[in-house]
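Chemist:
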Amino acid sequence: MGKVSSTAAYLAVGFIVGLFAWLSGSQAATVEDAAKSEGEVVLYSSLNNEQIVTLVDAFKKKYPLIKPSFYRATSERVLQRALNEARAGRYAVDVFTAAGFQLQLLKEAGLTQKFVPNEAAAYDQGFKDPEGHWINVHSLLNTMGYNTQLVRPDEAPKKYEDLLAPKWKGKIGVNLQDPEWYVNLQRRMGKEKAREFLKALAAQQPGLRDGHNITAQLLAAGEFHVVSNTYAHILARTKKQGGPVQYVFDEPVITYVHPVTLARSAPHPNAGKLLMSFILSAEGQKMLRDQGRIPSHRDVDPQVFSLRQVKLQASDPRLAKEYAAAGEEMRAIFGAQ
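Okay, so the sequence shown: first residue is 7 according to the working numbering, each after it adds one.
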């Protein structure tokens, strides 16, 4: 009797597993068939032009019956275009990709919808919306860096607090156009400790710049010995090109997200789902990796460094409402009104 019951149980489990697999495959086939009937898909994105073209060309090759088109602009312009079109009652877009701040504002404006593709399982918590509206396409690691011709590795700062040592006075570069960094320092240290840290950093008489790129460029040029906040992939790219720079991971590394989401009133919702799934697939993520981006897919390592042993602090887009005040306070602390 026990043996019969055991056999029946195994058969039941096998049937359930098979049923779920069949339903999953059937659902995917249904979405693809419906997408082919829709015949087109529209993407609004702040990825650079080359990255978008690579993705949509590969998508078109894989799904020749679906014609992709795109609008490329900064994240802020993507946001404003979407808001303006919604006010006018015009809904032309199926999929958005933009910086986390702007994606969150799109979500709060009711312009996104919940869609959790199968690929979501390959993305860690913090890099996908707990409510299922977005998943991170690529990551931006905000790190310190140093000029290797001016600073020995054993002398380089390892933690943010190391920047406060007297030897760095007048030798630090700070990117002021980075309120998200300050908000995440507040999240890590607590608001008061983060404020005191920034005041102490300002007392180091740093060179102030607006932008991650220019801060990294001036580090490579030797204008700064060290920088407090720039992007790791910029420093890695500069290093690969022969520049005398090195990034420093103060773990958990503050990491900005650049998510993808399905538009709430997408005119081609199934094609949008298919494109979103393609961008998030290992295939799509490898394309972005090959163009120097930091993939968010767990199984796709960046070209420039491995993140498998690196702890990340994903920047929560829901903190976006704090950015304006943080930016004003940051500039006030550094005397850059």
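We put the CB at the ideal spot given by N, CA and C, even for glycine.
1) Taking the Cβ atom as the reference point for each residue, do T118 and A269 lie within a distance shorter than 8 Å?
2) Whole angstroms are fine: how far does the CA of A127 sit from the CA of L25?
3) DSSP three-state label for S30, please.
4) Would you call K164 buried or exposed, if buried means 16 or more other Cβ atoms sit within 10 Å of its Cβ?
5) Kindly identify the DSSP beta-bridge partner or partners of S145.
6) For the beta strand (DSSP E) containing N235, name the first residue and the last one.
7) Please return the same chain residues whose Cβ sits closer than 6 Å to the Cβ of A326, not counting the five positions on each side in sequence.
8) Please state if the CB of L53 and the CB of V101 are separated by a distance shorter than 8 Å.
9) How would you label D135, buried or exposed, when you count the other beta carbons within 10 angstroms and need 16 or more for buried?
10) Verify the contact flag: I240, CB atom, against every heavy atom of the ligand ATP, threshold strictly below 7 Å.
11) Looking at the structure shown, is K120 part of a helix, part of a strand, or coil, going by DSSP?
12) Output the residue ranges of the beta strand (DSSP E) runs that lie fully inside the segment 124-176 and measure 3 residues or longer, sorted by chain position.
13) Please state if the CB of Y129 and the CB of S302 are separated by a distance shorter than 8 Å.
14) Drop a sphere of 10 angstroms on the beta-carbon of M336, count the other beta-carbons inside from all chains shown, and report buried for 16 or more, exposed for fewer.
15) Please report how far the alpha carbon of Q291 lies from the alpha carbon of V143, in whole angstroms.
16) Name the two residues that bound the continuous beta strand (DSSP E) containing Y77.
17) If you follow the alpha helix (DSSP H) that G106 is in, where does it begin and where does it stop?
18) I need the DSSP call for S43, collapsed to helix, strand or coil.
Modeler: Taking the geometry as given:
1) yes
2) Only weak support is given to the placement of L25: the predicted model assigns it a pLDDT of 43, under 50, and the value that follows is read from those uncertain coordinates. Whole-angstrom Cα-Cα distance: 19 Å.
3) Annotation note: pLDDT 47 at S30 (below 50); position unreliable, coordinate value reported separately. For S30, the secondary structure class from DSSP, reduced to helix, strand or coil, is helix.
4) exposed
5) V263 and I300
6) V232 to Y237
7) F107 and Q110
8) no
9) Classification for D135: buried.
10) Ligands are entirely absent from the displayed structure, and the ligand ATP is therefore not among its contents.
11) coil
12) 140-153
13) yes
14) For M336, the number of other beta carbons within 10 angstroms of its own is at least 16, and it is reported as buried.
15) 8 Å
16) K73 to R78
17) G106 to E114
18) helix
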